[in-house]
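In short: position in the sequence shown from 1, add 38, done, that's our numbering. Each residue gets a CB set at the ideal place from its N, CA and C atoms; glycine is no exception. Predicted model only: the values in this text are computed from it and were never measured. Each remark here refers to the structure printed beneath this line.
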Amino acid sequence: MNGMTIVPEGVGHDGVGGLRGSNLRGVRAHNERLVLSLLRSRGEMTKAELTRVTGLSAQTVSVIMRALEDDGLICRGQPLRGRIGQPSVPLGLAREGAFSLGLKVGHRSLDLVLVDFLGGIRSRVTERHHYPTPDAVVRFANSAVADILSQIGAEERARIAGLGIAMPFQIWDWWRTLGVPEEALIGWRERNIGAEIGAATGFPVYVQNDATAACGAELLFGQGRTPRDFLYFYVGYFIGGGIVLNGSLVPGRTGNAGAIGSMPVPDGRGGQAVLLDIASLSVLERTLGAADEAADRLWDTPSEWHFPQALVEAWADEAARAIAAASAAAAAVYDFEACLVDGWMPVRIRTLLVERVRAHLAEIPASGIRLPLIEAGTIGAHARSLGAASLPLSARFLLDLQAFASAGAG
């Protein structure tokens, strides 16, 4: 997954503040990355299966697996018995083989997570705000990194691959929509928080658009079958998106591909609006505030919402209508297999939203095009944080998914 990479001065070639060791080589050999990527995508595999899928010789696969096992990046599973001869032993990614830090910069909150090699969140620090400023983000990141590092041992710290940042691009342009003075966000024009955080923490830093990062989390850590080509919607304070083609995340020329929030859609009243003005949680926040509800509770961890059901369902229906229109328009540009919908919301609300998108899409005329399937994303509220954390792991250990997606048949 592509993103801007910032390596602080004084960082060793392995990228971790001068810590050099075989367990976190700065650039893994191509075939090692191929094997790790297959294990990431398909789960445990035997040496025989890897030999068949990669086309490498059995001896080469054995050498690679031994090196990866020695480095602690893979581990042995349970022997497969019931076959002729010695039982085969599958190998898979070691959960504690590598770690990564991910920082989400949101319009209403900050979130820093420590993620293991399998995408499990090990630690999390959060902070709510009215809007993000560079000073506050850098201060939060440096403090939260120090807090998380203090909770783990030296061996775990040495296995941290880096720090990813998922953030809205061109934050300074959003002052009107956020309802703050222009000068409150203008500092983002000149600041490079990735470089500042990298210099303070000693980690290599990778920066990506927040919705694109969320899409990348679905691609890397998603559960179940992931479509080869899909358009991704992440419903946050503003709705955003990402694009996956042929199994690969497509960031675009400026890193802002899939900026579906700016797509014109029918407003339901005979006119037009942009998608983010209908299908964003900022719309629900205003609706709740107008009804004298505690709208700031939207930004608590959304395991459940305790708001009037009628207000939430009315917002979901309007949002779904707009998302359906955007999905149909996208299908006219590229033949997406599916559109995935996820966001900062409880699972039951996501389920409701997906069901209503399907219903509204079925009402749209589709002469000459094939409308995409509408499915729920599988990561949930923390997709942007996980997507941020996936950036160093991908950069250090994995191949672009397209490089091996068509390898072999099994």
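Own chain residues within Cβ distance below 8 Å of residue i, not counting five before or after
i, result
"Q310", "P302, V303, P304"
"R408", "A369, D373"
"V99", "V73, K85, L88, T89, T92"
"E47", "Only weak support exists for where E47 lies, its pLDDT of 34 falling under 50; the value from the coordinates is given anyway. Result list for E47: A237, in chain order."
"G200", "G53, V54, S138, L139, F241, P242, V243, Y244, L429, P430, A433, R434"
"P384", "P340, S341, E342, W343"
"A329", "P346, L349"
Residues that residue i bridges to, as DSSP identifies them
i, result
"T164", "D149"
"A311", "V303"
"G279", "F271"
"A433", "DSSP output for A433 lists no bridge partner at all."
"R114", "L129"
"V143", "L148"
"D154", "F137"
"L6", "No statement about residue 6 is possible, as the shown extent of the chain runs from 39 to 448 and does not include it."
"I159", "V153"
Residue span of the beta strand (DSSP E) that contains residue i, given as start and end
i, result
"L76", "Taken as a continuous stretch (DSSP letters only), L76 belongs to no beta strand (DSSP E), being part of the alpha helix (DSSP H) at 68–80."
"D380", "376–381"
"R197", "Here R197 belongs to no beta strand (DSSP E), and DSSP marks it neither H nor E."
Cut-off 6 Å between Cβ atoms - residues of its own chain near residue i, not counting five sequence neighbours on either side
i, result
"Y372", "none"
"V65", "Here the model assigns V65 a pLDDT of 48, short of 50, so the residue's position is not dependable and the matter cannot be decided."
"F276", "G299, L314, S318"
"A419", "P340, W382"
"A295", "I281, V288, P289"
"S126", "T84, L118"
"P265", "E375, A376"
"W213", "E220, L223"
"A404", "none"
Unbroken alpha helix (DSSP H) run spanning residue i, endpoints
i, result
"V91", "85–92"
"N230", "It is not in any alpha helix (DSSP H) - N230 carries neither H nor E in the DSSP assignment."
"R263", "That residue, R263, is in no alpha helix (DSSP H); it is neither H nor E in DSSP."
"S320", "319–328"
"F178", "172–187"
"S100", "96–108"
"I387", "385–400"
"E331", "Taken as a continuous stretch (DSSP letters only), E331 belongs to no alpha helix (DSSP H), as it is neither H nor E."
"A362", "347–371"
"L411", "From DSSP, L411 is part of no alpha helix (DSSP H) but of the beta strand (DSSP E) over 411–414."
"W212", "Looking at the DSSP string, W212 is not in any alpha helix (DSSP H), and its letter there is neither H nor E."
Integer Cβ distance of residue i from residue j, believed to fall under 8 Å
i, j, result
"T250", "G280", "5 Å"
"A297", "G425", "Incorrect: roughly 16 Å between the Cβ atoms, too far for contact."
"I316", "E356", "6 Å"
"L336", "L322", "7 Å"
"T389", "A354", "Their Cβ separation, rounded to whole angstroms, is 10 Å, which puts T389 and A354 out of contact at 8 Å."
"Q455", "L378", "Past the boundaries of the shown model lies residue 455; the chain is included only from 39 to 448, so the question cannot be answered."
"I198", "S161", "Contact doesn't hold; Cβ gap of about 11 Å is too wide."
"Y272", "D380", "6 Å"
"T416", "G260", "5 Å"
"R422", "D248", "5 Å"
"L77", "I102", "Wrong, their Cβ atoms sit about 11 Å apart, outside the cutoff."
"L187", "R195", "6 Å"
Heavy atom of the ligand NAD within 6 Å of residue i beta-carbon
i, result
"Y244", "The ligand NAD is absent from the structure shown, which contains no ligands of any kind."
Cβ shell of residue i (< 7 Å), same chain only, five flanking positions each side left out
i, result
"L399", "A362, S365, A366, L409, I412"
"L437", "R71, L72, S75"
"I209", "P170, L223, W226"
"F345", "L326, E331"
"E401", "none"
"A179", "L141, L150, I235"
"V218", "Y169"
"R386", "none"
"L156", "L131, R133"
"G158", "R133"
"V175", "V143, L148, I231"
"D154", "R133, E134, F137, R160"
"F268", "V282, F374, E375, A376, C377, L378"
"V163", "L150, A182, D185, I186"
| request: Kindly confirm or deny that the region 143–156 and the region 202–210 touch, where touching means at least three C-beta pairs closer than 8 Å. | output: Yes, they touch.
> Is the region 355–366 close to the region 164–175, with three or more CB pairs under 8 Å?
Replying inline: Cβ pair count under 8 Å is below three, so no.
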